[in-house]
Amino acid sequence: MRPMVKASLLAIALVAALAGCQRHGAPSADAAQAAAQEQAAQQAEAGFTQSVAQQNWLAAKAQADILFAQYPGSAAARRVHSQYDAVKAKADAAREQARLANLWSYDKAPVTGGTQLSASIYAKEDVDTDGTGAKPVRLIFRDHPAWGTSSYLVLQAGDFDCYGGCKVKVQVDDQPAQPMAASRPKTDEAIAMFIEDEKALWRKARGAKKTIAVTFPVKAGGTRTAVFETAGVDASQLPRWR
0 MRPMVKASLL AIALVAALAG CQRHGAPSAD AAQAAAQEQA AQQAEAGFTQ SVAQQNWLAA
60 KAQADILFAQ YPGSAAARRV HSQYDAVKAK ADAAREQARL ANLWSYDKAP VTGGTQLSAS
120 IYAKEDVDTD GTGAKPVRLI FRDHPAWGTS SYLVLQAGDF DCYGGCKVKV QVDDQPAQPM
180 AASRPKTDEA IAMFIEDEKA LWRKARGAKK TIAVTFPVKA GGTRTAVFET AGVDASQLPR
240 WR
């Protein structure tokens with residue numbers, strides 16, 4: 000064989016060998032990257048599993064969402080996906096319960112003879128009580144060492160038509176509305192109307208799956224309705240009302 004031909008054949012063989020090495024090396028790099036991603040996905044899955052064990056549904060859903068976004072094709076993502084719908088439902092319920100709980104305000108104030116306790120919540124939507132526009136309506140439950148227990152509505156404008164006593168209607172969720180006695184005290188300190196059976200109203204607020212609605216008469220004429228999302232109340236804040 001001529002030297003030039005021999006050299007050409009050798010060069011071709013070297014090029015082919017080098018190409019073969021490159022082809023064999025590429026899958027190794029891809030496999031390493033895939034293994035690293037799967038390991039990271041497993042770590043995210045471990046966080047998800049831990050949150051589920053702790054019944055921290057909001058954290059579990061967040062871990063699953065991250066896993067699906069970053070490692071959608073991983074085996075870990077497929078395993079977590081089988082549990083996702085149930086976890087999401089519980090996370091949504093936990094978020095809603097937290098929202099309802101945050102609607103309430105609680106207060107402890109030192110007064111003569113002890114401590115005054117109160118729990119209050121604003122209506123879901125403002126109410127126009129006098130034609131000047133919708134304004135907040137507040138429902139308050141109060142426990143005073145001298146005055147005892149009471150429940151009352153407070154307006155920011157207008158007035159209740161209840162100075163000589165009246166009846167309000169209270170509806171729990173979708174149940175039929177029930178009448179309850181009420182009265183407007185002769186005071187200028189606040190636009191307030193007491194609902195007389197405060198313990199019964201408290202039980203309704205505690206027992207509601209979602210809301211209680213109070214329909215009351217106003218001086219402007221007719222009645223108005225304030226809807227309160229009471230389901231998140233912390234009953235332990237008024238321990239004597241149980």
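Each residue of the sequence shown is one higher than the last, beginning at 0 in numbering that gives the first Met the number 0. We put the CB at the ideal spot given by N, CA and C, even for glycine.
Who are the Cβ neighbours of residue i in its own chain at under 8 angstroms, not counting the five residues just before and after it?
| i | result |
| --- | --- |
| A133 | E124, D125, V126 and D127 |
| V110 | H143, P144 and A145 |
| G164 | A180, A181 and S182 |
| T131 | A156 and G157 |
Is DSSP giving residue i helix, strand or coil here?
| i | result |
| --- | --- |
| L102 | coil |
| W201 | helix |
| G244 | In the structure as shown, the chain begins at 0 and stops at 241. Residue 244 is therefore absent and cannot be evaluated. |
| P178 | strand |
| I79 | Sequence inspection shows Val at residue 79; the Ile mentioned does not correspond to that position. In the structure shown, V79 sits in a helix (DSSP, three-state: H, G or I). |
| T114 | strand |
| V86 | helix |
| L57 | helix |
| D172 | coil |
| S150 | strand |
| S73 | coil |
| A156 | coil |
| R94 | helix |
| D29 | helix |
| P238 | helix |
| T48 | helix |
| D64 | helix |
| A207 | coil |
| A225 | strand |
| A35 | helix |
| I108 | Note that residue 108 is Ala in the sequence shown, not Ile. DSSP places A108 in strand when its eight states are reduced to three. |
| A230 | coil |
| A40 | helix |
| C161 | coil |
Would residue i count as contacting chain B if we go by Cβ distances under 8 angstroms?
| i | result |
| --- | --- |
| A33 | Looking at the structure shown, chain B is missing, and only one protein chain is on hand. |
Just the Cα atoms here: how many angstroms apart are residue i and residue j?
| i | j | result |
| --- | --- | --- |
| G113 | L102 | 27 angstroms |
| A40 | V86 | 18 angstroms |
| R22 | Q38 | Note that R22 scores 49 on pLDDT, short of 50, meaning its location in the model is unreliable and no value can be drawn from it. |
| L57 | A180 | 43 angstroms |
| Y231 | Q96 | Per the sequence shown, residue 231 should be read as Gly rather than Tyr. For G231 and Q96, the distance between alpha carbons rounds to 6 angstroms. |
| D106 | L116 | 6 angstroms |
| G221 | A90 | 42 angstroms |
| S235 | R241 | 8 angstroms |
| D233 | S182 | 27 angstroms |
| Q36 | D64 | 16 angstroms |
| R205 | P216 | 24 angstroms |
| L138 | I194 | 10 angstroms |
| Q53 | L200 | 36 angstroms |
| R239 | R223 | 31 angstroms |
| D196 | K218 | 23 angstroms |
| K168 | S104 | 24 angstroms |
| V171 | K198 | 15 angstroms |
| D162 | R94 | Asp is not the amino acid found at residue 162; the sequence shown has Tyr there. Between Y162 and R94, the C-alpha separation is close to 41 angstroms. |
| F140 | L237 | 9 angstroms |
| A30 | N55 | 35 angstroms |
| A118 | R202 | 13 angstroms |
| Q32 | S81 | 25 angstroms |
| D129 | G147 | 31 angstroms |
| Y70 | A76 | 7 angstroms |
Looking only at its chain, what residues have a beta carbon closer than 7 angstroms to the beta carbon of residue i, apart from the 5 residues adjacent to it on each side?
| i | result |
| --- | --- |
| Q62 | A43, G46, F47 and S50 |
| E228 | L99, L102, K123, K209 and T210 |
| K60 | V86, K87 and A90 |
| Y83 | A63 |
| D160 | P216, V217 and K218 |
| V79 | E44, F47, A63 and L66 |
Closer than 6 angstroms by C-beta to residue i: which residues in its own chain qualify, once you throw out the five before and the five after it? Chain order, please.
| i | result |
| --- | --- |
| A74 | none |
| D225 | Per the sequence shown, residue 225 should be read as Ala rather than Asp. A122, V126, V136 and V213. |
| K314 | Outside the displayed range of the chain (0 to 241) lies residue 314, so it cannot be described from this structure. |
| C20 | Reliability of the predicted coordinates at C20 is poor, the pLDDT of 46 falling under 50, and the value obtained from them is presented with this limitation in mind. There are no such residues. |
Inter-stretch contact (C-beta, 8 angstroms, three-pair minimum) for the region 174-182 and the region 120-129: The count of Cβ pairs closer than 8 angstroms, one atom from the region 174-182 and one from the region 120-129, stays below three, leaving the stretches out of contact.
With contact counted as at least three CB pairs below 8 angstroms, one residue from each stretch, are the region 141-158 and the region 182-195 in contact? Yes: the two stretches touch, three or more of their Cβ pairs being nearer than 8 angstroms.
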